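Worksheet for the structure shown next.
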Amino acid sequence: MKILGIETSCDETAAAILSNEGGRVSLLSNIVSSQIALHKDYGGVVPELASRRHLENLPVVLDEAYRQAGVAPKDLSAVAVTYGPGLVGCLYVGLQAAKVISWIHAIPLVGVNHLEAHLFSVFLETPAAEVPLPYLGLVASGGHTFLALVQGEGVYRVLGRTRDDAAGEAFDKAAKALGLQYPGGPALAAEADHGNAKLFTFPVARMKDRSADFSFSGLKTALANHLAAERAKGIEPNLADVAASFQEAVVASLIGHVTEALETTRAKAVVLGGGVAANRRLRQRLTETGNELGVKVFMPSKEHCTDNGAMIAMAGLIKHQRGDHAGLDLDVDTSPVLPLERSRT
Ligand code: KG4
Ligand code: ZN
7 MKILGIETSC DETAAAILSN EGGRVSLLSN IVSSQIALHK DYGGVVPELA
57 SRRHLENLPV VLDEAYRQAG VAPKDLSAVA VTYGPGLVGC LYVGLQAAKV
107 ISWIHAIPLV GVNHLEAHLF SVFLETPAAE VPLPYLGLVA SGGHTFLALV
157 QGEGVYRVLG RTRDDAAGEA FDKAAKALGL QYPGGPALAA EADHGNAKLF
207 TFPVARMKDR SADFSFSGLK TALANHLAAE RAKGIEPNLA DVAASFQEAV
257 VASLIGHVTE ALETTRAKAV VLGGGVAANR RLRQRLTETG NELGVKVFMP
307 SKEHCTDNGA MIAMAGLIKH QRGDHAGLDL DVDTSPVLPL ERSRT
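According to our numbering, the sequence shown is numbered sequentially starting from 7.
Here you go:
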């Protein structure tokens, strides 16, 4: 069985081919073409430019994915594609391409939810059977941040989600305030690596109603106020120390929610996903938390945390195996929810 995964929801044009031979899953190719250079001058992704670039890049990325995998389109068992959430114009590029491939080669089309794919990216390295149910899924990306209790295949109870900025967005905005290059998350994390995280205390938001929702916008304001206050005193803040202290606050918020949820649910494990999952400090703190509480922690390799086609192919494989196929009338869906999401507690 060979599945092609296509991802074009934001600023990465990506395609990957995954094979499943008797339960042995292997990644045959995983091509990601980043648009960082295109959007750099704007300090963020420009949707119209992004969709046009996907249109130019996708045929090249697909050719390379087939070439590296040594697979011809006619050998595919199914084609999986992100249909949302994401930027509408961008999503359409991938979706239309997948529909054409499905139609020409008479193979099933599988629609993949981008958020669910971030959760499934861990299965690229860890067989699904090794992750005990129920588990907590924490997805922290540039556009979304949520914590869900995963009770079974595709059965989610969302415990909390961000009420304002996503964790990655907070990193990106803080990096901008610190004069660091786009994309800010990795740049801020690199600075933080040689800074003192204990030097400044930034607020870790907690909801008054004690819900597990996140909030990161106050943190961004606190950082801006801190920088302004220091500069008013004629002090140029040490970038590394501020970055480390800021990162610590974001990580503390994420870990705090996971710890509380582990106490209130019967979760047996934690699965991490999304671009922020590449953050070294978050990975370290989550591993420590898992060890302290006796709970297994599963994280994708860093290259599979940020957007890629492999996670789409993985989610596609799981859906394909249960016969969950889409028709050629599949449309984009930008709602930021998981499929079959249950109402929160
Ligand atoms: O999952 P992703 O590639 O795209 C979305 O679905 O949004 O996540 C991208 C986000 C960006 O905000 C980026 O700054 C952040 O992930 N990110 C990081 C790191 N690497 C990527 N944030 C903190 N530390 C990192 N090492
Ligand atoms: Zn993503």
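C-beta: ideal position from N, C-alpha, C; glycine also.
Model, not experiment: these values are computed from the prediction.
May I ask which residues mark the beginning and end of the beta strand (DSSP E) holding GLY315?
Run containing GLY315: none in the beta strand (DSSP E); it sits in the alpha helix (DSSP H), 315-327.
Hey, is THR265 close to the ligand KG4, as in C-beta under 7 Å from one of its heavy atoms?
Between the ligand KG4 and THR265, a heavy atom-to-CB distance of less than 7 Å is absent.
Report the CB separation of THR340 from PRO91 in whole angstroms; it is logged as a contact under 8 Å.
5 Å
Which same chain residues, not among the five before or five after ASP247, have their C-beta less than 6 Å away from its C-beta?
GLY201, ASN202, LEU205
Using the Cβ count rule (16 or more neighbours within 10 Å means buried), how would you classify LEU115?
With 16 or more Cβ atoms within 10 Å of its Cβ, LEU115 is classed as buried.
Output yes or no for whether 8 Å exceeds the beta carbon distance between ALA230 and ALA183.
Inclusion of ALA230 and ALA183 in the CB contact set at 8 Å is warranted, their separation being smaller than that value.
Along the beta strand (DSSP E) that carries VAL31, what are the first and last residues, could you check?
30-40 is the span of the beta strand (DSSP E), which, as asked, contains VAL31.
Leaving aside the five residues before and after PHE177 along the sequence, list all residues of the same chain whose C-beta is less than 6 Å from its C-beta, in chain order.
GLY190, GLY191, LEU194
Within 10 Å of its beta-carbon, does VAL338 have 16 or more other beta-carbons around it, so buried, or fewer, so exposed?
buried
Exposed unless 16 or more other CB atoms sit within 10 angstroms - verdict on PRO133:
exposed
Just the C-alpha distance for THR351 and ALA267, rounded to the nearest angstrom, thanks.
Note that THR351 has pLDDT 48, beneath the 50 cutoff, so the model's placement of it is unreliable and no number is given.
ASP313: beta carbon under 7 Å from a heavy atom of the ligand ZN?
yes
Taking just the CA atoms, how far does ALA112 sit from GLY279?
Distance between the alpha carbons of GLY279 and ALA112: 32 Å.
Within the chosen definition, does the region 96-106 reach the region 8-16 through at least 3 CB pairs nearer than 8 Å?
yes
With a CB to CB cut of under 7 Å and the five nearest residues on each side skipped, what residues in its chain are close to MET7?
Leaving aside the five residues that flank MET7 on each side, the residues in its chain whose CB is nearer than 7 Å to its CB run, in chain order, SER25, ASN26, SER83.
Check whether VAL67 and ALA123 have beta carbons under 8 Å apart
no
Of the choices GLU294, LEU153, LEU125, whose alpha-carbon is the least far from that of ALA319?
LEU125
Identify, in the order they occur along the chain, each residue of the same chain with its Cβ nearer than 7 Å to the Cβ of LYS80, setting aside the five sequence neighbours on each side.
HIS111
Going by CA-CA distance only, name the one from LEU165, TRP109, THR151 that's closest to ARG216.
LEU165
Among LEU233, GLU309, THR151, GLN157, whose alpha-carbon lies nearest the alpha-carbon of PRO243?
LEU233
Of the choices SER57, ARG212, GLY240, VAL301, whose alpha-carbon is the least far from that of ASP170?
ARG212
Option in ALA258, GLU136, GLN102 with minimal Cα separation from LEU61
Taking only the C-alpha atoms, the option nearest LEU61 is GLN102.
From the DSSP secondary-structure annotation, give me the bridge partner or partners of PHE206.
DSSP, once it has assigned bridges, lists no residue as partnering PHE206.
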